[in-house]
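Q: Can you read through this structure? Questions will come right after.
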Amino acid sequence: MDQYPPNLGLVDRMSAALLGRRVAAACVTVILTICFVAGSYVQATVNQLNDTHQAFNDRQLRNGYVAMSDVQRLVLIMQDAFGKGEMTPNAVDEFRSAADFLFVRTDTFRRTLRNGVYMESADNAVAQLQRVQDLVDHALATNFDGLPTLSQRLTVLSQNARQALVTYLDDMSRQQDRILIRQAIAVQNQRIVIWTTLAGLSVLGIVAIFLLRREVRAKQARQVAEERVRHLAFFDPLTGLPNRVHFQDRLGTLLEKQTSVALLLIDLDGFKSINDTNGHAAGDAILEHVSDMLRLTSDKYDGFASRLGGDEFSVFVQTDDLTLLKCICAEAIDRISQPIVFEGEKLQVEASIGLAMNTQISTQMDMNVDSLSRVADFALYASKSNGKRQFTVYDEALEQQFLKRRAMVEELPRAIADGSMEFFLQPKVDLATEQTYGFEALARWRRNDLIVPPHDFIATAEESGLITDIDYCVLRNATKAIADFNFINNTNFSISINFSTIHFNSRKLIDVVEEALNSSGLAPELLIIEITETIEMQDWDQAKHIIAAIHKLGAKISIDDFGAGFSSLAYLRTTVANEIKIDRSLIEDIETSDISRFLLDAVLDIARNLDLEVTVEGIETRIQADIVSKMGANNAQGYLFGRPMPKEEALQKAIKYSDHVVSRNMARGIQVL
Amino acid sequence: MPVRLGLAVMITCLWAASVAADNFRPINLEPIAHADAELAIMGADGAELRLSPTDLEAMDTYRLRTTTPWREQPADFDGVLLTDVLQNSGLLEVDQIRVIAENDFATVIPRALWEEVPILVATRVNDRAHSRRERGPIQFVMAMDDYRSSSLAAESHLVWMAARIEVE
Chain A
6 MDQYPPNLGL
16 VDRMSAALLG
26 RRVAAACVTV
36 ILTICFVAGS
46 YVQATVNQLN
56 DTHQAFNDRQ
66 LRNGYVAMSD
76 VQRLVLIMQD
86 AFGKGEMTPN
96 AVDEFRSAAD
106 FLFVRTDTFR
116 RTLRNGVYME
126 SADNAVAQLQ
136 RVQDLVDHAL
146 ATNFDGLPTL
156 SQRLTVLSQN
166 ARQALVTYLD
176 DMSRQQDRIL
186 IRQAIAVQNQ
196 RIVIWTTLAG
206 LSVLGIVAIF
216 LLRREVRAKQ
226 ARQVAEERVR
236 HLAFFDPLTG
246 LPNRVHFQDR
256 LGTLLEKQTS
266 VALLLIDLDG
276 FKSINDTNGH
286 AAGDAILEHV
296 SDMLRLTSDK
306 YDGFASRLGG
316 DEFSVFVQTD
326 DLTLLKCICA
336 EAIDRISQPI
346 VFEGEKLQVE
356 ASIGLAMNTQ
366 ISTQMDMNVD
376 SLSRVADFAL
386 YASKSNGKRQ
396 FTVYDEALEQ
406 QFLKRRAMVE
416 ELPRAIADGS
426 MEFFLQPKVD
436 LATEQTYGFE
446 ALARWRRNDL
456 IVPPHDFIAT
466 AEESGLITDI
476 DYCVLRNATK
486 AIADFNFINN
496 TNFSISINFS
506 TIHFNSRKLI
516 DVVEEALNSS
526 GLAPELLIIE
536 ITETIEMQDW
546 DQAKHIIAAI
556 HKLGAKISID
566 DFGAGFSSLA
576 YLRTTVANEI
586 KIDRSLIEDI
596 ETSDISRFLL
606 DAVLDIARNL
616 DLEVTVEGIE
626 TRIQADIVSK
636 MGANNAQGYL
646 FGRPMPKEEA
656 LQKAIKYSDH
666 VVSRNMARGI
676 QVL
Chain B
74 MPVRLGLAVM
84 ITCLWAASVA
94 ADNFRPINLE
104 PIAHADAELA
114 IMGADGAELR
124 LSPTDLEAMD
134 TYRLRTTTPW
144 REQPADFDGV
154 LLTDVLQNSG
164 LLEVDQIRVI
174 AENDFATVIP
184 RALWEEVPIL
194 VATRVNDRAH
204 SRRERGPIQF
214 VMAMDDYRSS
224 SLAAESHLVW
234 MAARIEVE
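Which chain is which? The protein sequence lines are A and B, in order.
Numbering of the first sequence is given in our numbering, commencing with residue 6 and proceeding in unit increments.
Numbering of the second sequence is given in our numbering, commencing with residue 74 and proceeding in unit increments.
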């Protein structure tokens, strides 16, 4: 038995049942049987009526009446002759003619009866007519000899024939009545059969139409849904613009044809701020506005606009006319920057554009959607870096940068794997004694025997996602190096490792920290994880859980660059940190600026109230060191105490004070960071 | 109109000739004595034309060998084509004619029938003058195959003792 989902309604269940193979076959069988039975019955009735028509037709009746007339004509001629006493030649001709009529009539009568149903009265009538015919032929043959006798006999025989014919006609009349009654009954029965059949077929027809209609509607609904799915697959539901898939298809086709194509990648400036401040509805309104503006621009220049995702859009145009393309970029930026009014409030967004043409791309790169998008994105990044609300054309200079960056991205994984990714150590000192108690590990890349400064590759590593591997590499190597050094030299130097906020979106960081501690043997409390805010923290809840887990491992948490990030105070509110590292921007002009001193004082006050250690970064002069020391800061880091240097050099310098460090750390109950 | 009429006549004649080639065989009849009979034809102009069997046989004559509903065995019927008779009287283009027998039997023959099935107006059977007792002297006869296959032909159209033709 078929099983139907429990959420089906009664009608759906009935539909499913009726459309089931067995039920449908049974219904068809019933319909065919009804039609066959009804058709057979009607055919039988028609056959019966045909048989009746064969057996009884008007010729039979006519034969009887005409034969009676023919006989009467003969009698009249004979009686007329008898009255006159002779048969005149005209009378003879008429008599012969009448005799011929009767002959043919009797013959016809006989043949007609031969083809029909046997009737005794009919046979008797024909026999009586034949007697009359015999007498008439005899009279003609004997030239009416014995006319009186002939007349008398003809009268008698004609009366017999008339009686026989009347009897026959009465029988025929009764049979006619019976036939009519039978026909009437047959027609009534047919009517019942036809009505019943029609009623049954009508019900089945109505049900079939109902089910068909449902099926058609369901099919239409499916088509609409499929059309919607198809639309969603290629168009952005919010803006109606083609989506990334559609963009890639169309651009790929154009690139395959090797036609000149210019790609504009557009990214909105300040969109997130509108989203956060005015809500997502406002953000959506902005996106729709941008879409409308880009659609206008692309329509004007016969281009193709699409939304690639988030606040990222694209337009490509089939031209390599740089002057025209610059006009298009400028026009797009102007249009997008037009303010809109949302719920009574004026909103405005700016845009940055990266422009790249397939005709300008180096032959070193494969020409496809991905490569063109990447160089346009590189140009867009340049626009963003150069101050936003502008467009940048991907040219030879940018291409050099791009190729350099690409080479770097290709080499970084190898560098991480083969140990070329090293780390330098910068000392962290106690301001009171100016002795080193720990280090901050800073990644350095030894590339072709040259040390690549961090600002040359860290940003690239972050963009390409390789920063995670670099940080993990530095974590493993630095903890191992410090642990080994502490073990050999009986010191207790701590080590601080920078981790981008990116890491705090994944629990993998916990496993990596645990693995680094276990494999190095470093005392957990000597490991400080510095949260370096390279991007704004996205998932505070997840970050909170990860930080708690790191605390549980025994490691410390430090908030790097405090005072310069997006959400310095938010970290204090959300996370359980052990240290804050005050950003160098607050220190730079502390010698001359009352405001800087006031800010530093306020931060130190916050740290004291929250029982946090403070390390002041960027101390480059003795005066700065004295000022921050007087203001109550305990620890510092900066060129005054030591630049980042190779670990061997840093540790050798620090070992001079190792005794102090051990005793000092021990005195602090290994609470020093 | 005359052009159309001529065309129709020509087509009819060609068709009749082709049909005659199948069942109807032209034949030259030697004069014989016929029973006293006449076929009166009321022309389109109201004039009455009376034709005896001998008068009829003055037209092109044909022989048809066939059975009839009253003859189990085939017989040779000689006579003239109804279309020739009607054309002779200007009735070929009428929609239908009424044929009346000596015993006052009457039937209507539509033009479609004589255009579909050749009808012989027989005056002789088996080389003898047609007698009344054999459904003569003038009898309308069709080839039995044509009679059976035609949806228009009926037994009533096989008029015997034919005496009169009128425009219906």
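Where is the CB? At the ideal position from N, CA and C, for every residue including glycine.
Whose C-beta lies closer than 8 Å to the C-beta of S163 (chain A) among residues of the same chain, with five residues either side of it excluded?
A: For the purposes of this step, residue 163 (chain A) is taken as the residue at position 158 of the first sequence. Here the set comprises V76, Q77, L79, V80, V137.
Q: List the DSSP bridge partners of V80 (chain A).
A: Stepping through the first sequence from its first residue, residue 80 (chain A) is reached at position 75. Under DSSP, V80 (chain A) takes part in no beta bridge, so it has no partner.
Q: Can you find a C-beta in chain A that's less than 8 Å from the C-beta of W20 (chain B)?
A: With chain B running from 74 to 241 in the structure shown, residue 20 (chain B) is simply not present.
Q: Spatial neighbours of A179 (chain B) within its chain, please: CB distance less than 8 Å, with the 5 preceding and 5 following residues excluded, ordered by chain position.
A: On the second sequence, position 106 is the one that residue 179 (chain B) refers to. Contacts found: R171, V172, I173.
Q: Name the chain B residues whose beta carbon is nearer than 9 Å to that of D128 (chain A)?
A: Along the first sequence, one-based indexing puts residue 128 (chain A) at 123. Ordered by position in chain B, no residue passes the 9 Å Cβ test against D128 (chain A), which lies about 19 Å from the chain.
Q: Step through the CB atoms of chain B and report whether any lies within less than 8 Å of the CB of V80 (chain A).
A: Numbered from 1 along the first sequence, position 75 holds the residue referred to as residue 80 (chain A). Cβ-Cβ to chain B under 8 Å: no for V80 (chain A).
Q: Is R26 (chain A) buried or exposed, if buried means 16 or more other CB atoms sit within 10 Å of its CB?
A: Here residue 26 (chain A) corresponds to residue number 21 of the first sequence, with the count starting at 1. Exposed is the call here.
Q: Does D1 (chain A) come within less than 8 Å of chain B when only Cβ atoms are used?
A: The requested residue 1 (chain A) is not part of the displayed model; chain A covers only 6 to 678.
Q: If I measure Cβ to Cβ from A94 (chain B) and keep anything under 6 Å in the same chain, skipping five residues before and after, which residues do I get?
A: Taking the second sequence and counting its residues from 1, one reaches residue 94 (chain B) at position 21. At A94 (chain B), the pLDDT of 43 sits below 50, so the modelled position is not reliable; the number obtained from the coordinates is stated separately. Cβ neighbours of A94 (chain B) beyond the five flanking positions: none.
Q: Which one of A:H550, A:G559, A:A230, A:N497 has the shortest CA to CA distance from N523 (chain A)?
A: On the first sequence, residue 523 (chain A) is found 518 positions in, with the first residue counted as 1. Measuring from the Cα of N523 (chain A), the nearest candidate turns out to be A:G559.
Q: Taking C-beta to C-beta, are L129 (chain B) and G152 (chain B) nearer than 8 Å?
A: The residue given as residue 129 (chain B) occupies position 56 in the second sequence. The residue given as residue 152 (chain B) occupies position 79 in the second sequence. Closer than 8 Å, so yes.
Q: Which residues in the same chain have their Cβ closer than 6 Å to the Cβ of G470 (chain A), if we skip the five residues on either side of it in sequence?
A: Translated into the one-based positions of the first sequence, residue 470 (chain A) becomes position 465. Correct list: empty, nothing qualifies.
Q: Could you please give me the residues that DSSP links to G152 (chain B) through a beta bridge?
A: Counted from its first residue, the second sequence places residue 152 (chain B) at position 79. DSSP lists B:Y135, B:A195 as partners of G152 (chain B).
Q: Kindly list, in the order they appear in chain A, the residues whose Cβ is closer than 7 Å to that of I199 (chain B).
A: Translated into positions along the second sequence, residue 199 (chain B) becomes position 126. In the sequence as displayed, the identity of residue 199 (chain B) is Asn instead of Ile. What N199 (chain B) touches in chain A: nothing, since even the nearest Cβ is about 17 Å away.
Q: Measure from the C-beta of V109 (chain A) to each C-beta in chain B and report whether the shortest distance is under 8 Å.
A: On the first sequence, residue 109 (chain A) is found 104 positions in, with the first residue counted as 1. Yes - at least one Cβ of chain B is within 8 Å of the one on V109 (chain A).
Q: So with Cβ pairs under 8 Å, would you call R206 (chain B) a contact of chain A?
A: As a first step, residue 206 (chain B) must be located in the second sequence, where it is residue number 133. So yes, R206 (chain B) belongs to the interface.
Q: If we call anything under 8 Å between Cβ atoms a contact, is F239 (chain A) one with I271 (chain A)?
A: Working through the first sequence from its first residue, we reach residue 239 (chain A) at position 234. Working through the first sequence from its first residue, we reach residue 271 (chain A) at position 266. In this structure, I271 (chain A) does not lie closer than 8 Å to F239 (chain A) by Cβ.
Q: Can you find a CB in chain A that lies within less than 8 Å of the CB of N176 (chain B)?
A: For this step, residue 176 (chain B) is matched to residue 103 along the second sequence. With 8 Å as the cut-off, N176 (chain B) counts as an interface residue toward chain A.
Q: I want to see whether chain B comes within less than 8 Å of V71 (chain A), judged by CB atoms only; does it?
A: Your numbering for residue 71 (chain A) matches position 66 in the first sequence. Yes, its Cβ sits closer than 8 Å to a Cβ of chain B.
Q: In this structure, what does DSSP give as the bridge partners for Q212 (chain B)?
A: As a position in the second sequence, residue 212 (chain B) is number 139, starting the count at 1. According to DSSP, which records beta bridges pairwise, Q212 (chain B) is partnered with B:A195.
Q: Beta carbon of L377 (chain A), beta carbon of L216 (chain A): below 8 Å?
A: Here residue 377 (chain A) corresponds to residue number 372 of the first sequence, with the count starting at 1. Here residue 216 (chain A) corresponds to residue number 211 of the first sequence, with the count starting at 1. No, they are not a contact pair.
Q: Closest by CA to R237 (chain B), which one among B:M217, B:A216, B:V158, B:V190?
A: As a working note, residue 237 (chain B) is residue 164 in the second sequence. It is B:V158.
Q: R136 (chain A) CB to nearest chain B CB: under 8 Å?
A: For the purposes of this step, residue 136 (chain A) is taken as residue 131 along the first sequence, with counting starting at 1. No, no contact with chain B.
Q: Consult DSSP for S125 (chain B) and reduce its assignment to one of helix, strand or coil.
A: As a first step, residue 125 (chain B) must be located in the second sequence, where it is residue number 52. The answer is coil: DSSP assigns S125 (chain B) none of H, G, I, E or B.
Q: Could one say the Cβ of D112 (chain A) lies closer than 8 Å to chain B's Cβ atoms, at least one of them?
A: Your numbering for residue 112 (chain A) matches position 107 in the first sequence. Output row for D112 (chain A): interface = yes.
Q: Quick one: list the residues of chain B neighbouring E116 (chain A), beta-carbon separation under 8 Å, in chain order.
A: Position 111 of the first sequence, counted from the start, is the residue given in the question as residue 116 (chain A). First, the amino acid is wrong: residue 116 (chain A) is Arg here, not Glu. Per Cβ cutoff of 8 Å: P142, W143.
Q: Looking only at its chain, what residues have a beta carbon closer than 7 Å to the beta carbon of L301 (chain A), apart from the 5 residues adjacent to it on each side?
A: Start at 1 with the first residue of the first sequence, and residue 301 (chain A) comes out as number 296. Excluding residues within five positions, the ones whose Cβ falls inside 7 Å are R340.
Q: Could you give the DSSP three-state label for S311 (chain A): helix, strand or coil?
A: As a position in the first sequence, residue 311 (chain A) is number 306, starting the count at 1. Residue state, collapsed to three classes: strand.
Q: Please report the straight-line C-alpha distance between G623 (chain A) and S296 (chain A), rounded to a whole angstrom.
A: Residue mapping note: residue 623 (chain A) aligns to position 618 of the first sequence, counting from 1. Residue mapping note: residue 296 (chain A) aligns to position 291 of the first sequence, counting from 1. The alpha-carbon atoms of G623 (chain A) and S296 (chain A) are separated by roughly 46 Å.
Q: Can you check the stretch 557-633 of chain A for any alpha helix (DSSP H) of at least 4 residues that lies completely inside it and give the ranges in chain order?
A: With a minimum length of 4 residues, the unbroken runs of alpha helix (DSSP H) contained wholly in the stretch 557-633 of chain A fall at 573-579, 599-614.
Q: Just to confirm, is the Cβ distance from D435 (chain A) to N639 (chain A) under 8 Å?
A: In the first sequence, counting from the first residue as 1, residue 435 (chain A) sits at position 430. In the first sequence, counting from the first residue as 1, residue 639 (chain A) sits at position 634. Cβ atoms of D435 (chain A) and N639 (chain A): closer than 8 Å.
Q: From the DSSP output, in three-state form, read off N101 (chain B) for me.
A: Locating residue 101 (chain B) in the second sequence gives position 28, where the first residue counts as 1. In this structure, N101 (chain B) counts as coil in the three-state DSSP scheme.
Q: Could you pull out every residue in the same chain whose Cβ sits closer than 6 Å to the Cβ of K389 (chain A), ignoring the five residues on either side in sequence?
A: Indexing the first sequence from 1 puts residue 389 (chain A) at position 384. Around K389 (chain A): S357.
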